[in-house]
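So in the UniProt record's numbering, spot 222 of the sequence shown is number 222, and the numbers just go up one at a time.
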Amino acid sequence: MTWVTTLRPRPDLKPAARKQRPHGYIHPNPISSSSLILSLLPTSPPSPHLAIGTTSIIPPTPESLTENPALLNIIHETLRRHAHSDPEVIAQAAMYSSQAGSALGSGGVFSPSKTPPRRRGKGSQASMSKPSLSGHVSEAQGGMGGAGKGGYIHVSDQRQPPDFGRVAWPEDIFGSLELDAKGEFVDGHGRYQEAGTYRICTREGVLGLSAYLRGKVVERLREMEEEGKTAVKS
Numbered sequence: 001m002t003w004v005t006t007l008r009p010r011p012d013l014k015p016a017a018r019k020q021r022p023h024g025y026i027h028p029n030p031i032s033s034s035s036l037i038l039s040l041l042p043t044s045p046p047s048p049h050l051a052i053g054t055t056s057i058i059p060p061t062p063e064s065l066t067e068n069p070a071l072l073n074i075i076h077e078t079l080r081r082h083a084h085s086d087p088e089v090i091a092q093a094a095m096y097s098s099q100a101g102s103a104l105g106s107g108g109v110f111s112p113s114k115t116p117p118r119r120r121g122k123g124s125q126a127s128m129s130k131p132s133l134s135g136h137v138s139e140a141q142g143g144m145g146g147a148g149k150g151g152y153i154h155v156s157d158q159r160q161p162p163d164f165g166r167v168a169w170p171e172d173i174f175g176s177l178e179l180d181a182k183g184e185f186v187d188g189h190g191r192y193q194e195a196g197t198y199r200i201c202t203r204e205g206v207l208g209l210s211a212y213l214r215g216k217v218v219e220r221l222r223e224m225e226e227e228g229k230t231a232v233k234s
């Protein structure tokens with residue numbers, strides 16, 4: 001994620017990062033001078049319930065960032081409404097349809113099981129390796145070409161895209177969408193299901209939504225921000 005600060009120029013922020021199109025904003029914390037507020041909105045001071053969280057250092061780390069749990073609920077709400085319209089998710093579904101369950105590329109995997117695919121534990125590159133799809137491919141191909149079963153694809157964070165044929169880390173998986181045997185979203189929207197393992201901040205970065213979904217989340221946050229202003233005035 002590219003950060004832009006609303007503070008005076010800081011030595012710990014690279015100038016190049018400030019020139020790029022921002023994905024997030026760094027705001028002073030009116031409550032504590034020893035921490036900063038991270039937000040997807042440029043409004044300063046930001047609404048605490050709409051912010052990403054607070055951190056004592058930049059770039060933030062899993063140890064320094066105190067996450068705002070309300071934001072993750074907003075993200076899941078937005079993905080439930082819009083994930084099936086994300087061009088990258090649509091491409092995954094199309095690949096499922098054409099390749100009958102082989103690897104779906106960045107962030108996605110087809111599984112012919114009755115429930116969304118999940119892995120136990122958070123995992124880390126230092127302690128475990130990512131599973132391949134070798135255990136799924138033959139079943140998926142049989143389900144698509146023979147029994148005509150559907151499956152699931154992941155909606156994943158893009159801060160650490162998995163290698164082709166690999167599954168994203170559990171902390172990078174937002175949730176799953178269900179596909180029918182034709183590779184179309186069940187009920188038209190895929191019945192989005194939260195993975196329950198996603199973490200806003202990992203050692204690979206903070207909140208790497210696709211451009212489309214990030215835009216939808218920001219749009220929803222702006223709506224909620226305006227609703228809050230209206231409520232205060234009334």
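Ideal Cβ placement from N, Cα and C applies to all residues, glycine included.
- Contact annotation: VAL89 and VAL155 have beta-carbon atoms nearer than 8 angstroms.
- With contact defined as three or more Cβ pairs closer than 8 angstroms, the segment 53 to 73 and the segment 24 to 38 are in contact.
- For VAL217, the closest alpha carbon among the candidates PHE174, GLU77, THR230 is that of GLU77.
- Counting only residues of its own chain and dropping the five nearest sequence neighbours on each side, VAL186 has a CB closer than 7 angstroms to the CB of GLY150, GLU178, LEU179, ASP180.
- For VAL206 and GLY183, the gap between their C-alpha atoms comes out near 31 angstroms.
- In this structure, LEU71 sits away from GLU225, with a CB-CB distance that is not shorter than 8 angstroms.
- If you look at ILE75, you'll find it in the alpha helix (DSSP H) that goes 69 to 82.
- Annotated three-state conformation of HIS154 is strand, per DSSP.
- For ARG159, the CB contacts under 6 angstroms within the same chain, skipping 5 residues up- and downstream, are GLU204, GLY205, GLY208 in chain order.
- Rounded to whole angstroms, the gap between the alpha carbons of LEU65 and LEU41 is 17 angstroms.
- The three-state reading of DSSP puts ILE90 in helix, counting H, G and I together.
- For the set GLU171, GLU223, ILE200, the Cα lying nearest the Cα of GLY24 is the one of ILE200.
- Here SER97 has LYS182, GLY183 as same chain residues with Cβ atoms under 7 angstroms from its own Cβ, once five neighbours each way along the sequence are excluded.
- Beta-bridge annotation (DSSP): TRP3 is paired with GLY24.
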